[in-house]
DNA sequence: ACAGGCATGTAAATAGTTACATGATTCG
DNA sequence: CGAATCATGTAACTATTTACATGCCTGT
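Following this line, the structure appears as structure tokens:
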């Protein structure tokens, strides 16, 4: 048996909390882990099928009226698999930040244009921060302390990032204005 | 003509600075942008071919002795394309942090085990910080101010992250010890 | 009636990694 | 000589997104 993808563990973790349908898993991911681990229907439904085949989850029919619906629960094997994964050190640490990439190459532009990149990055982080702030009462209500910890980390991270963008912007502006129009070099 | 991938722009940005071979592009990416935008040979070589077909770069033979070698330079069209991309607001902001995912689901473990996740995350960030610190003199030597700015951002980010891990660890430990073995809830 | 949300699923495309094959050169 | 590094490239695989198809239910 091959090892599972991290996305499989997201599913295992979510159905461990409570039985959920594929649709509910997607909605929960979008409302929680998406900032550091996203998942699409194209992954969730096939993965649920695979997990069920391996006996790590069990699905049962739970229609809402005439609307067909399958909710999945974790099995004892699934719980063991999840815990074993949680105990292994994390391996994936990826970041793809187009803004940083643009800033890295900003020497091809005028300093005023580099500042625009920083403003866009800052605006994006502030928008994410606002989204996270809106989620906080929901997480507090659920009394989910680890998710809340992670959410607070996200809040702090976006604040740090937005602040960094602002400080770098000021530095660029100061370098341009303060010493006679000398821009940044390649 | 379809729009280019961000990886195509990494190549364009790097060959704009100076003519480079595919091998050198890979080495440079590994020494600079990899923390926020990685690229593998499997992307670089086919992408160089495509960029050459579109006239955004030109390759020329530059063998080292009997070792065949092609170095690519940016064309005027390539430079325009790069600048146009730099002027568009960044779109990709992705993060995949397996550590945060594990922390999110840590209620399935004992509090002492949750602390292990944080320690692993912290150790990883400190290791990255050390790598970045080692790169700094090289970036300073090149007098590359935007790359240096980005590098300093990486330094600050890894420090913030490592510190956050430590603070969260302390909070978990305090919650467990301070108030009679009460662990974190689901 | 119709819009929007609930619900499941898949096909196709895109992105990206890994591993391998090949071969030259340099350094110890 | 052998190992490491320079150098190019591809095949296979894995991951992931996007867009679509289908159809029921609820509220206006």
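Residue numbers (my numbering), protein chains in the order written: chain A, 47 to 232; chain B, 47 to 232. Just so you know, even glycine gets a beta-carbon here, dropped at the ideal spot from N, CA and C. Model, not experiment: these values are computed from the prediction.
Simplified DSSP assignment, three categories, for residue i
i	result
residue 119/B	strand
residue 52/B	helix
residue 189/A	coil
residue 114/A	coil
residue 103/B	strand
CA nearest to the CA of residue i, picked from the options
i	options	result
residue 150/B	124/B, 164/B, 68/B and 140/B	164/B
residue 21/A	167/B, 221/B, 73/B and 100/B	Limits of chain A in this structure are 47 at one end and 232 at the other, which puts residue 21/A out of reach.
residue 69/A	133/A, 81/A, 83/A and 88/A	88/A
residue 116/A	178/A, 213/A, 161/A and 94/A	94/A
residue 82/B	61/B, 53/B and 108/B	53/B
residue 172/A	144/A, 211/A, 182/A and 98/A	211/A
residue 134/B	147/A, 65/A, 84/A and 77/A	147/A
residue 136/A	72/B, 104/B and 159/B	159/B
residue 96/A	51/A, 73/A, 110/A and 84/A	51/A
residue 106/B	223/B, 143/B and 118/B	118/B
residue 122/A	61/A, 219/A, 110/A and 189/A	61/A
residue 55/A	218/A, 188/A, 189/A and 125/A	125/A
residue 110/B	218/B, 189/B, 67/B and 193/B	67/B
residue 282/A	180/B, 189/B and 80/B	A question about residue 282/A goes unanswered here, because the residues of chain A that appear run from 47 up to 232.
Alpha-carbon spacing of residue i relative to residue j, whole angstroms
i	j	result
residue 59/B	residue 207/A	24 Å
residue 174/B	residue 199/B	12 Å
residue 63/B	residue 153/A	9 Å
residue 204/A	residue 162/B	25 Å
residue 215/A	residue 195/B	11 Å
residue 221/B	residue 156/B	13 Å
residue 130/A	residue 102/A	13 Å
residue 213/A	residue 170/A	16 Å
residue 209/A	residue 176/A	15 Å
residue 104/B	residue 191/B	27 Å
residue 77/A	residue 184/A	10 Å
residue 230/A	residue 197/B	Residue placement at residue 230/A is poorly supported in this model, since its pLDDT is 47, which falls under 50; the coordinates still yield a value, given next. When rounded, the distance between both Cα atoms is 15 Å.
residue 186/A	residue 49/B	43 Å
residue 114/B	residue 127/B	29 Å
residue 182/A	residue 120/A	27 Å
residue 178/B	residue 108/A	52 Å
Proximity test, residue i beta-carbon vs the ligand MG heavy atom, cut-off 6 Å
i	result
residue 57/A	As for the ligand MG, it is missing from this structure, which has no ligand bound.
Alpha helix (DSSP H) segments (min. 4 residues) lying fully within the segment 70-100 of chain A: 87-99
Continuous alpha helix (DSSP H) assignments of at least 4 residues falling wholly in the segment 122-178 of chain A: 122-133 and 144-150
Residues, ordered as in the chain, of the segment 187-220 of chain A that lie near chain B by beta-carbon distance below 7 Å: 189, 190, 191, 192, 193, 195, 196, 199, 202, 206, 210 and 214
Positions along the segment 138-155 of chain A whose CB lies within less than 7 Å of some CB in chain B: 138, 139, 140, 141, 142, 143, 144, 145, 146, 147, 148, 149, 150, 151, 152, 153, 154 and 155
Proximal residues, the segment 69-81 of chain B versus chain A, C-beta separation under 9 Å: 78, 79 and 81
Members of the segment 107-137 of chain A near chain B, C-beta cut-off 7 Å: 128, 129, 132, 133, 135, 136 and 137
Residues in the segment 167-185 of chain B having any Cβ partner in chain A nearer than 9 Å: 167, 169, 170, 171 and 174
Proximal residues, the segment 79-105 of chain A versus chain B, C-beta separation under 9 Å: 79, 81, 82, 83 and 84
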